[in-house]
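Protein chains in written order, with my numbering: chain A, -14 to 197; chain B, 1187 to 1584.
Read through the structure below, which is laid out as structure tokens, and then see the notes.
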Amino acid sequence: MASLRNPFELILLTSTPEERRTPAPRAEPEQIEACRRGDRSALEAVFRAHAEGLARLLTRIVGPSVEVEDLLQETFAAAITAFPKFRGEASVKTWLHRIAIHVAHQYLRRPRHRREVELADADEREGLAGASPEHRELARRLYEHVEAIDVTKRIALLLYVVEGHSVDEIAALMGAGKAATRSRIMWARRKLMRRMRKDPLFADRALFGGEP
Amino acid sequence: MSCRGVRAWLHRDAVSLDEAQRLVLDDHLVGCAACRGDRARLRLVREVGTTLPVPPAGAREYTRAIARALLEGAPRVEPARRRPAWLVPLALGAACAAAIALVLFARGDDAPPTPTAVAPAPRPSPATDVVEDGELVTDAGTLHTGDAISPDVVLRAATPTRIRVASLQVAIAPDAELRWSAKDRTLLLDHGRVEIEASGELARVVTERFEIELANAAVTVGPEAVRVRRGTVRVSDRSRKLLAQLEAGSDWQPAEETIEMPSDPIVRTPHPTSKSPAELLADARAQFGAGHFAEAERIAETLLARSHARAEQAEARMFLADLAQATGNLALAVTRYEAVATTFAELPAAESALYAAARLEHRRGRDDAARTLFDRYLERYPNGRYVDDVRRHRRSPP
Chain A
-14 MASLRNPFEL ILLTSTPEER RTPAPRAEPE QIEACRRGDR SALEAVFRAH AEGLARLLTR
46 IVGPSVEVED LLQETFAAAI TAFPKFRGEA SVKTWLHRIA IHVAHQYLRR PRHRREVELA
106 DADEREGLAG ASPEHRELAR RLYEHVEAID VTKRIALLLY VVEGHSVDEI AALMGAGKAA
166 TRSRIMWARR KLMRRMRKDP LFADRALFGG EP
Chain B
1187 MSCRGVRAWL HRDAVSLDEA QRLVLDDHLV GCAACRGDRA RLRLVREVGT TLPVPPAGAR
1247 EYTRAIARAL LEGAPRVEPA RRRPAWLVPL ALGAACAAAI ALVLFARGDD APPTPTAVAP
1307 APRPSPATDV VEDGELVTDA GTLHTGDAIS PDVVLRAATP TRIRVASLQV AIAPDAELRW
1367 SAKDRTLLLD HGRVEIEASG ELARVVTERF EIELANAAVT VGPEAVRVRR GTVRVSDRSR
1427 KLLAQLEAGS DWQPAEETIE MPSDPIVRTP HPTSKSPAEL LADARAQFGA GHFAEAERIA
1487 ETLLARSHAR AEQAEARMFL ADLAQATGNL ALAVTRYEAV ATTFAELPAA ESALYAAARL
1547 EHRRGRDDAA RTLFDRYLER YPNGRYVDDV RRHRRSPP
């Protein structure tokens, strides 16, 4: 099987987009009301239910970074402040994801050297420690290329390609229009592809990309 | 179909396309090497992105993030309910002054009204948040005199610096670290000392152990003390329980131990012996999350008495240290963190504990002790997960 040359093919076929297939933990109206009042146990219960999903989203946006725990904390802190204004028009999951995207956006806008993220040794510290050498190298190089894209466009692209969201969903999550979102994705993809084509590590991928 | 027509499908699974789309895409890919290559690369982006590991549900990282968010981002009570009674006469006075000003101007001859006749003063816009004198270091660079201050940005003063945020004039001592939340009109003092002149609107200053409300007052605030130079100030703990109302000329210091007891009575039943250490720890965290700190501590101690596994012991002791920090007993928290770092040196918890102890000492203003701990961290974990942060703090001026 030609596709087995790609070490991630099995994961790809079986797991994407897994979050969208995972039913969102539903918060009861009483629980939401308690969160609005600032009830700590209700807030903690809601956060616990969504922590892993949010960490995954943040990791995918910022890359294999040691900052994810801090970003998660920022997301929760922002949610605590914003909960009294939560009207329940979207699900809690969508609402928290929107906050997390905003937090990640703010974080990525900081200058890189200030972000205390050194992908070069992040894998030794955590995150990629258990991954194969090839995966480590791919992740590191990929996020180096992703870093070259404007933050807003980058997030739109990652939500589209990695998270598997539709343009409409991304527009809603990022508070942007559909046309703008489509344009961001297009420009980001164009830039990423251009960079990846020039990178021997990814240029070679075209060899096994022939399977339609 | 052209490359443009199939571009939107390139990153998608075959199963997520309908039959017609799949056929069109397959036809196109057979004859287009560029799209085949892009398709492979986009799928690789997704593969790499979706396989980035994250801690499993219930992991310590999540508990820590939640606990710290709950401590930092305590929900805001409705402003109307929070407005202190002593502000009412102040507001009435301001209203009277405004009325008198209007009457005087109405009776004036031909003198045109000047802008100063308009009362009350409009709420300062964010553009009024500026560095008035000195320099502040932020993650995004250095702010100089006249630069605008963005909200929610960590500001560190390298030299004595004066800023104006909303209705507050703030003189920042060197090495102090703070953030300004324009939305809540709150100054979050992470470290060091500030002198504040407040005029007009109600504002808050929040430290790790207490917070103060002031409207028309002058105060000096540090992590361990408040001195009121003018006006009246309310001091409360982090759960907004009033601790003191201070008049001009008075000083206040937080008690060494300000364990926050729950408002609802705890039924102290013996903890079921059948529970596993993991369940006990989960119970302790639930109590912690609910603000029942004494009960959380009791459960954690039960766990310590029952479990002899080192990893569980370390986890429980870390929890007790977190608890001490949350309840404002920073000295005890440092002691507990240091004990974990020493006793369980072979476990990953030791690294977090040593880092936490150093950060706490830094926040308490005990720079020598903090420096020693940061040095010990760098020596023991040269590639540790907090190493960048430790180096940054190590470089900051004493």
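Every residue, glycine too, gets a C-beta built ideally from N, C-alpha and C.
Bear in mind the structure is a predicted one, so any value in this text is a computation, not a measurement.
Taking residue i as the query, report the chain A residues whose CB atoms sit under 7 Å from its CB, ordered along the chain.
i: B/Glu1247; result: Glu54
Give the interface partners of residue i over in chain A, defined as CB-CB distance under 8 Å, in chain order.
i: B/Arg1371; result: Neighbours of B/Arg1371 on chain A: none; closest Cβ ~13 Å, over 8 Å.
i: B/Ala1472; result: Ser26 and Glu29
Are any of the Cβ atoms in chain B nearer than 7 Å to that of residue i?
i: A/Met178; result: yes
i: A/Arg169; result: no
i: A/Arg41; result: yes
i: A/Pro49; result: yes
i: A/Leu158; result: no
i: A/Val147; result: yes
i: A/Leu127; result: yes
Can you tell me whether DSSP reads residue i as helix, strand or coil?
i: B/Val1576; result: helix
i: B/Gly1386; result: coil
i: B/Thr1406; result: strand
i: B/His1548; result: helix
i: B/Phe1530; result: coil
i: B/Val1316; result: strand
i: B/Phe1396; result: strand
i: B/Ser1367; result: strand
i: B/Ala1411; result: strand
i: B/Ile1358; result: strand
Please compile the residues from chain A whose C-beta is within a distance smaller than 9 Å of the C-beta of residue i.
i: B/Ile1252; result: Leu28, Glu29, Phe32, Arg33, Ala36, Leu57, Gln58 and Phe61
i: B/Ala1384; result: Ordered by position in chain A, no residue passes the 9 Å Cβ test against B/Ala1384, which lies about 22 Å from the chain.
Would you kindly work out how many angstroms separate the C-alpha atoms of residue i and residue j, rounded to a whole number?
i: A/Ile65; j: B/Arg1227; result: 39 Å
i: B/Ala1500; j: B/Arg1471; result: 15 Å
i: B/Pro1239; j: A/Arg41; result: 8 Å
i: B/Lys1369; j: B/Thr1529; result: 44 Å
i: B/Glu1532; j: B/Tyr1567; result: 12 Å
i: B/Gly1235; j: B/Arg1190; result: 25 Å
i: A/Ile86; j: A/Ala141; result: 10 Å
i: A/Pro69; j: A/Arg22; result: 7 Å
i: B/Ala1357; j: B/Asp1574; result: 29 Å
i: A/Ser168; j: A/Arg33; result: 35 Å
i: B/Thr1360; j: B/Ile1335; result: It should be pointed out that residue 1360 of chain B corresponds to Pro in this sequence rather than to Thr. The straight-line gap from Cα to Cα measures roughly 18 Å.
i: B/Thr1513; j: B/Arg1365; result: 22 Å
i: A/Ala89; j: A/Leu56; result: 7 Å
i: B/Gly1408; j: B/Arg1379; result: 4 Å
i: B/Arg1416; j: B/Arg1246; result: 46 Å
i: B/Leu1374; j: B/Glu1483; result: 28 Å
i: B/Asp1315; j: B/Glu1481; result: 43 Å
i: A/His98; j: A/Pro14; result: Confidence in A/His98 is poor, its pLDDT being 49 and thus under 50, which makes the residue's placement unreliable; the coordinate value appears in the next sentence. Each residue's alpha carbon lies about 43 Å from the other.
Mind pulling the chain B residues with CB within less than 7 Å of residue i?
i: A/Met181; result: Arg1227
i: A/Thr44; result: Leu1238 and Val1240
i: A/Ala124; result: Val1234 and Leu1238
Taking residue i as the query, report the chain B residues whose CB atoms sit under 8 Å from its CB, ordered along the chain.
i: A/Arg25; result: Leu1256, Gly1475, Ala1476 and Gly1477
i: A/Phe187; result: Arg1227 and Leu1230
i: A/His120; result: Val1234 and Thr1237
Using a cut-off of 9 Å between C-beta atoms, extract the partners of residue i located in chain B.
i: A/Leu143; result: Val1231 and Gly1235
Using a Cβ cut-off of 7 Å (strictly closer), state whether residue i contacts chain A.
i: B/Asp1553; result: no
i: B/Ala1486; result: no
i: B/Asp1423; result: no
i: B/Ala1243; result: yes
i: B/Asp1224; result: yes
i: B/Pro1568; result: no
i: B/Arg1309; result: The pLDDT assigned to B/Arg1309 is 39, lower than 50, so where the model puts this residue is not dependable, and the model offers no usable value.
Could you name each continuous alpha helix (DSSP H) segment of 4 residues or more that falls completely within the segment 1232 to 1262 of chain B, going from the start of the chain to the end?
1246 to 1258
Ignoring anything shorter than 3 residues, give me the beta strand (DSSP E) runs that lie fully in the segment 1327 to 1352 of chain B, in order along the chain.
1327 to 1329, 1341 to 1343 and 1347 to 1351
Within the segment 117 to 178 of chain A, ranges of the alpha helix (DSSP H) (whole runs, at least 4 residues)
118 to 132, 136 to 146 and 152 to 159
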